[in-house]
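Trainee: Residue numbers (the numbering used here): 46 to 697.
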Ligand code: F6R
């Protein structure tokens, strides 16, 4: 059961009673969330700026772009506006820039830095240095030498901010980069280019090259902060922090720096040994959940089902302490086996009038009101389509609420097809007046001439949103929901017309709170996918938390349980699952058909991210993998399973 500000349990404070070993070769600081962490880093930078000011000196900052430092820059801007922090003595050098890249292009790092920081503070323009993506090819090398020299002339970097790519890159120093490398032109790794698709719309548009400061340039900084947020960074963070120093993980070179701090949120720290196997690092405070994590871990390591694990298996895996606490393997195995067994239920809304003492949901009321919140118009069926249909089939009043329009993820050619359809249909039926005809023609003309990354005009956004609305309605109807229980929330934070969304606002929270208040549900299902802290799923979840907080005094809220599901990619670790809903082969097929209703997302979704599989394939394979994991632990064998974790508020 999830009870803190994060979904990871074992890394909660207090797991270790006494630490005797660390696997970490870099100093790591873990914060509850990226905002808190970023504020702290920004304040350390501000302090350094002010100290230099007092001494009448300049300070040289090495800066990064990307999602990781955004909140640090936001706090620096706030400190400038509200706290009088001046940037007059600040000199900056940015790590990198795509090549070729015009300064004012939507995706340029030049533009990024101005929009997020420089335009909002009093830094003298001549103090700003960002690698120039417009330099002619033959002059690039001498330009890079010049850039490197400028850093030295400025006195060297006092503080360097870094993000980390999923390839392990820092700057754009991709795997294979030399430790002695300095500023130069590089080729981007395939994975890095895939991660950049969200900014460039299509892979073909992502530049293949960049100019970047080298490993040696970065290592010369006097202080380094490496920032990483979100679960999608957790594997590479482990490699950089716990792995060997190797050119195949360029960030691992940072282990040789003598003044670096790795700043993580809980999700990015998830794969560090202190979280995956804290018993290897010290003496633990053994809760049942931690014991469950340990049992699953030993079972997976030995390849044995839980009920076959022996005292020796535990002892050989550093768990003799747990054996002492639990009176040996036999009792522990049965306890954890039963715990997992009780998470499995084909009655996600509770089984009316049955004994519910070992079931994940309450029996009463037998017919519940449920709201399924779906961040995008297809997350409901992709992530919990099987459970959705079971809830309906078992007679609960199921509402589905699409939180955003999802318009950004519709191809231009689809929108054009619909606009042409409307135009021709209107002409054929003879109801086109001048104004309507003009509007359709405007859309078609805009789409034909649209430039790379150009935000859609309002009419196009509307058509794209309607395409997704129609698909969502079809998916929900197929799942058995009546039209008056389908809600489109169109949360405003999403409507920027760009891939980057706005911040969560009052209106977003109120829209969610209004629906909850209207339905007064016993169950709310929400996407608890924390992989991307800046992503739409996270903002949608934050709006739900804020709405719960707003409504918590209402009497009926005491009975409103929040169930989290994970998006298309990651599943919860087994010990965090509170309810696993099995699916038969037929149910898997029904779920697949519901996903097929989302035609605009088929074959090649505009933002496939790191995974080229279609959504139905991702969902199917993930649900099968969850069932397979349960089977290997020695539990019953099902075709597929959808998993949920209950979020328990301290006021419930
Ligand atoms: C950006 C840069 C890159 C990013 C890294 C992480 O200037 O040099 O190394 O820091 O790719 O990107 P985000 O923060 O977007 O995850």
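Note that beta-carbon positions come from the ideal geometry of N, C-alpha and C, so glycine has one too.
Within its chain, find whatever has a CB closer than 7 Å to the CB of residue 605; leave out the 5 residues flanking it on each side and keep chain order.
Mentor: Translated into the one-based positions of the chain shown, residue 605 becomes position 560. For residue 605, where only same-chain residues beyond five positions count, the Cβ hits under 7 Å are 566, 567 and 569.
Trainee: Could you name the residues of the same chain whose beta carbon sits closer than 7 Å to that of residue 175, not counting the 5 residues immediately before and after it, in chain order?
Mentor: If you number the chain shown from 1, residue 175 lands on position 130. 139, 142, 154, 155 and 158, listed in sequence order.
Trainee: Given 7 Å as the limit, tell me if residue 222 has its C-beta closer than that to any heavy atom belonging to ligand 1.
Mentor: What you label residue 222 is simply residue 177 of the chain shown in a count that begins at 1. Flag unset: Cβ of residue 222 not near ligand 1.
Trainee: Closest to residue 334 by C-alpha separation, out of 213, 380 and 108, would be which residue?
Mentor: The residue given as residue 334 occupies position 289 in the chain shown. Here the closest residue by C-alpha is 380.
Trainee: Please classify residue 182 as buried or exposed, where buried requires at least 16 neighbouring CB atoms within 10 angstroms.
Mentor: By 1-based counting over the chain shown, the position of residue 182 is 137. It is exposed - the Cβ of residue 182 has fewer than 16 other Cβ atoms within 10 Å.
Trainee: Which same chain residues end up closer than 6 Å to residue 84 when comparing Cβ atoms and leaving out the 5 residues on each side of it in sequence?
Mentor: In the chain shown, the residue the question calls residue 84 occupies position 39. Excluding positions up to five away in sequence, the list reads 120.
Trainee: Would you check if the distance between the CB atom of residue 525 and the CB atom of residue 434 is smaller than 8 Å?
Mentor: Here residue 525 is taken as the residue at index 480 of the chain shown, counted from 1. Here residue 434 is taken as the residue at index 389 of the chain shown, counted from 1. Yes; because the gap between Cβ atoms is below 8 Å, this pair is in contact.
Trainee: Taking all protein chains shown into account, decide if residue 372 is buried (16 or more other Cβ within 10 angstroms of its Cβ) or exposed.
Mentor: Within the chain shown, residue 372 is the residue found at index 327, counting from 1. Per the 10 Å Cβ criterion, exposed.
Trainee: Spatial neighbours of residue 109 within its chain, please: CB distance less than 6 Å, with the 5 preceding and 5 following residues excluded, ordered by chain position.
Mentor: As a working note, residue 109 is residue 64 in the chain shown. Excluding sequence neighbours, residue 109 sits near 140, 206, 207 and 208.
Trainee: Looking at C-alpha atoms only, which residue of 623, 453 and 631 is the closest neighbour of residue 546?
Mentor: Locating residue 546 in the chain shown gives position 501, counting from the first residue. Residue 546 has its Cα closest to that of 453, out of 623, 453 and 631.
Trainee: Tell me, please, which residues DSSP counts as bridged to residue 205.
Mentor: Here the question's residue 205 lines up with position 160 in the chain shown. Bridge partners of residue 205: 107 and 269.
Trainee: Would you call the CB atoms of residue 624 and residue 393 closer than 8 Å?
Mentor: In the chain shown, counting from the first residue as 1, residue 624 sits at position 579. In the chain shown, counting from the first residue as 1, residue 393 sits at position 348. In this structure, residue 393 lies closer than 8 Å to residue 624 by Cβ.
Trainee: Give every residue of the same chain whose Cβ lies closer than 7 Å to the Cβ of residue 133, excluding the five residues on either side of it in the sequence, and list them in chain order.
Mentor: Residue mapping note: residue 133 aligns to position 88 of the chain shown, counting from 1. Once the five neighbours on either side are set aside, the close Cβ partners of residue 133 are 167 and 169.
Trainee: Taking the C-alpha atoms as reference points, what is the distance between residue 367 and residue 378?
Mentor: For the purposes of this step, residue 367 is taken as residue 322 along the chain shown, with counting starting at 1. For the purposes of this step, residue 378 is taken as residue 333 along the chain shown, with counting starting at 1. Roughly 12 Å separates the two Cα atoms.
Trainee: Would you call the segment 536-555 in contact with the segment 460-474, where contact means no fewer than 3 C-beta pairs closer than 8 Å?
Mentor: Judged by Cβ distances under 8 Å, the segment 536-555 makes no contact with the segment 460-474, as fewer than three pairs qualify.
Trainee: Within a Cβ cutoff of 7 Å, which residues of the same chain sit near residue 339, ignoring the five residues on either side of it in sequence?
Mentor: For the purposes of this step, residue 339 is taken as the residue at position 294 of the chain shown. Once the five neighbours on either side are set aside, the close Cβ partners of residue 339 are 324, 364 and 367.
Trainee: Thinking C-alpha only, which one of 105, 91 and 147 is nearest residue 726?
Mentor: Missing from the structure shown is residue 726; the chain here goes from 46 to 697 and no further.
Trainee: Check this for me: beta carbons of residue 178 and residue 242, under 8 Å apart or not?
Mentor: Translated into the one-based positions of the chain shown, residue 178 becomes position 133. Translated into the one-based positions of the chain shown, residue 242 becomes position 197. Contact: no.
Trainee: Nearest-angstrom Cα distance between residue 411 and residue 272?
Mentor: Taking the first residue of the chain shown as position 1, residue 411 is located at position 366. Taking the first residue of the chain shown as position 1, residue 272 is located at position 227. Computed Cα separation, rounded: 48 Å.
Trainee: Can you give the Cα-Cα distance for residue 237 and residue 457, rounded to whole angstroms?
Mentor: By 1-based counting over the chain shown, the position of residue 237 is 192. By 1-based counting over the chain shown, the position of residue 457 is 412. Each residue's alpha carbon lies about 25 Å from the other.
Trainee: Relative to ligand 1, what is the chain-ordered list of residues with a Cβ closer than 5 Å to any of its non-hydrogen atoms?
Mentor: Matched residues: 109, 110, 111, 112, 113, 140, 141, 208, 210 and 216.
Trainee: Under the three-state reduction of DSSP, which class applies to residue 186: helix, strand or coil?
Mentor: The residue you call residue 186 lines up with position 141 of the chain shown. Of the three classes helix, strand and coil, the one that applies to residue 186 here is helix, per DSSP.
Trainee: Assign residue 541 to buried or exposed, taking buried as 16 or more other Cβ atoms, counted over all protein chains shown, within 10 Å of its Cβ.
Mentor: Taking the first residue of the chain shown as position 1, residue 541 is located at position 496. Exposed, because fewer than 16 other Cβ atoms sit within 10 Å of the Cβ of residue 541.
Trainee: What residue does the alpha helix (DSSP H) around residue 158 start on, and which one ends it?
Mentor: Sequence index remark: in the chain shown, residue 158 carries index 113 (1-based). From DSSP, the alpha helix (DSSP H) with residue 158 extends over 154-161.
Trainee: Quick one: which unbroken alpha helix (DSSP H) runs of 4-plus residues sit fully inside the segment 245-293? Chain order, please.
Mentor: The qualifying runs are 260-264 and 279-287.
Trainee: Quick one: give me the first and last residue of the alpha helix (DSSP H) that residue 627 is part of.
Mentor: As a working note, residue 627 is residue 582 in the chain shown. It is not in any alpha helix (DSSP H) - residue 627 instead sits in the beta strand (DSSP E) that spans 624-628.
Trainee: Beta-carbon within less than 6 Å of residue 80's beta-carbon, same chain only, minus the 5 sequence neighbours each way: which residues are those?
Mentor: For the purposes of this step, residue 80 is taken as residue 35 along the chain shown, with counting starting at 1. Excluding positions up to five away in sequence, the list reads 116.
Trainee: Could you give the distance in angstroms between the alpha-carbon of residue 253 and the alpha-carbon of residue 426?
Mentor: Against the chain shown, residue 253 aligns to sequence position 208. Against the chain shown, residue 426 aligns to sequence position 381. Approximately 36 Å, taken between the alpha carbons.
Trainee: My output table needs one value for residue 456: the three-state DSSP class, helix, strand or coil.
Mentor: Position 411 of the chain shown, counting from 1, holds the residue named residue 456. Three-state result, residue 456: coil.
Trainee: If I'm right that residue 290 touches residue 297 with Cβ under 8 Å, what's the distance once you round it to whole angstroms?
Mentor: Here the question's residue 290 lines up with position 245 in the chain shown. Here the question's residue 297 lines up with position 252 in the chain shown. With 8 Å as the limit, residue 290 and residue 297 qualify as a contact, their Cβ atoms being about 5 Å apart.
Trainee: Specify, as a first and last residue, the run of the alpha helix (DSSP H) that residue 593 falls within.
Mentor: Taking the first residue of the chain shown as 1, we reach residue 593 at position 548. Here the alpha helix (DSSP H) through residue 593 covers 581-596.
Trainee: Check for me: the alpha helix (DSSP H) holding residue 429 runs from which residue to which?
Mentor: Sequence index remark: in the chain shown, residue 429 carries index 384 (1-based). Unbroken alpha helix (DSSP H) run through residue 429: 424-438.
Trainee: Beta-carbon separation of residue 224 and residue 260 under 8 Å?
Mentor: On the chain shown, residue 224 is found 179 positions in, with the first residue counted as 1. On the chain shown, residue 260 is found 215 positions in, with the first residue counted as 1. A contact, by the Cβ cut-off of 8 Å.
Trainee: Candidates 391, 622 and 111: which alpha carbon is nearest residue 215's?
Mentor: Translated into positions along the chain shown, residue 215 becomes position 170. Measuring from the Cα of residue 215, the nearest candidate turns out to be 111.
Trainee: So residue 508 packs on residue 416, CB below 8 Å; how close in whole Å?
Mentor: By 1-based counting over the chain shown, the position of residue 508 is 463. By 1-based counting over the chain shown, the position of residue 416 is 371. Contact flag wrong, Cβ pair sits at about 28 Å.
Trainee: Please report the residue range of the alpha helix (DSSP H) in which residue 559 lies.
Mentor: For the purposes of this step, residue 559 is taken as residue 514 along the chain shown, with counting starting at 1. Counting along the chain, the alpha helix (DSSP H) containing residue 559 begins and ends at 551-564.
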